[in-house]
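Its first residue numbered 263, the sequence shown is counted upward by one per residue in the numbering used here. C-beta: ideal position from N, C-alpha, C; glycine also. Quick caveat: nothing in here was measured; it's all calculated off a predicted structure.
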Amino acid sequence: MARTPSNMLPLGTKAPDFSLFDTVSGQTLSLDELKGEKGTVVMFICNHCPFVIHVNPEISKLGREYQEKGIGFIAISSNDVENYPQDAPHLMTKTAKQEGYSFPYLYDETQDVAKAYDAACTPDFYLFNDQLELVYRGQLDDSRPGNGLPLNGQDLRSALNTLLAKRIISENQKPSIGCNIKWK
Numbered sequence: 263m264a265r266t267p268s269n270m271l272p273l274g275t276k277a278p279d280f281s282l283f284d285t286v287s288g289q290t291l292s293l294d295e296l297k298g299e300k301g302t303v304v305m306f307i308c309n310h311c312p313f314v315i316h317v318n319p320e321i322s323k324l325g326r327e328y329q330e331k332g333i334g335f336i337a338i339s340s341n342d343v344e345n346y347p348q349d350a351p352h353l354m355t356k357t358a359k360q361e362g363y364s365f366p367y368l369y370d371e372t373q374d375v376a377k378a379y380d381a382a383c384t385p386d387f388y389l390f391n392d393q394l395e396l397v398y399r400g401q402l403d404d405s406r407p408g409n410g411l412p413l414n415g416q417d418l419r420s421a422l423n424t425l426l427a428k429r430i431i432s433e434n435q436k437p438s439i440g441c442n443i444k445w446k
């Protein structure tokens, strides 16, 4: 299990636009269609990464909780499925159902979207405000597979609550840690 940190895209960066295949609905969906009224979480995940498997219960919970509050949630897998077939789109559909995702799980076949977001690992989290400007990037919380710390989404949850309260999110943000994106 490689421990790769986020690249930490500069705060204020405008969310790169995209249209990708949604393995849940079977439709091609764009950022404009999926963005939330009050903010948008874009997360790079995959099916097989132990770090993502560890956080799946919390990202499902956060999605259900914050979508009701006007936050859009978007999951994207950019892994090379030729060398990592367990991340193939038909298995993404299965994972989304098993994990109870209430959000789309998009397939970035060309890996162009991951490159545009400077994504490095799975999971990698980005929170954009209502103007699609980056206000948080980094970890979900301090929990990692096997470290015994509680999975509670504390860091992302705090950023979401601060955004919804229309306050400034601290720039002191910890990078996410996970498996590296499997580049072609």
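According to the neighbour-count rule (16 or more other Cβ atoms, all chains shown, within 10 Å of its Cβ), is residue i buried or exposed?
i      : result
LYS359 : exposed
GLU344 : exposed
ILE443 : buried
GLY440 : buried
ILE454 : Lying outside 263 to 446, the shown extent of the chain, residue 454 is not represented and no answer is given.
ASN434 : exposed
ILE307 : buried
GLY298 : buried
GLU330 : exposed
LEU411 : exposed
ILE430 : exposed
PRO366 : buried
Given a cut-off of 9 Å, decide if residue j and residue i are closer than it, judged by their beta-carbon atoms.
i      : j      : result
LEU291 : SER281 : yes
PRO278 : LEU293 : yes
SER268 : ALA378 : no
MET305 : ILE333 : no
HIS310 : TYR346 : yes
LEU324 : LEU418 : yes
LEU271 : LEU396 : yes
Relative to the C-alpha of residue i, which residue among the options is closest?
i      : options                           : result
LYS446 : PRO267, ASP374 and GLY301         : ASP374
GLY400 : LEU394, ASP386 and ARG265         : ASP386
ASP349 : GLY362, TYR369, GLU361 and SER364 : TYR369
ASP404 : VAL397, GLN393, GLN416 and LEU426 : GLN416
PRO437 : THR384, LEU422, GLU361 and ASN423 : THR384
ASP342 : THR372, PHE390 and LEU425         : THR372
VAL286 : PRO319, ASN391 and THR355         : THR355
LEU394 : ASP284, THR302, PRO312 and LEU271 : THR302
GLU361 : ILE321, ASN391 and ALA376         : ILE321
Between which two residues does the beta strand (DSSP E) carrying residue i extend?
i      : result
MET354 : From DSSP, MET354 is part of no beta strand (DSSP E) but of the alpha helix (DSSP H) over 351-361.
PHE283 : 281-284
ASP386 : 386-391
THR302 : 301-306
VAL397 : 396-400
TYR369 : 367-369
ALA337 : 333-339
ILE430 : Unbroken run through ILE430: none, as it is neither H nor E.
Provide the residue span of the alpha helix (DSSP H) that contains residue i, from first to last.
i      : result
ALA376 : 374-378
GLY325 : 312-329
LEU418 : 416-426
ASP294 : 293-296
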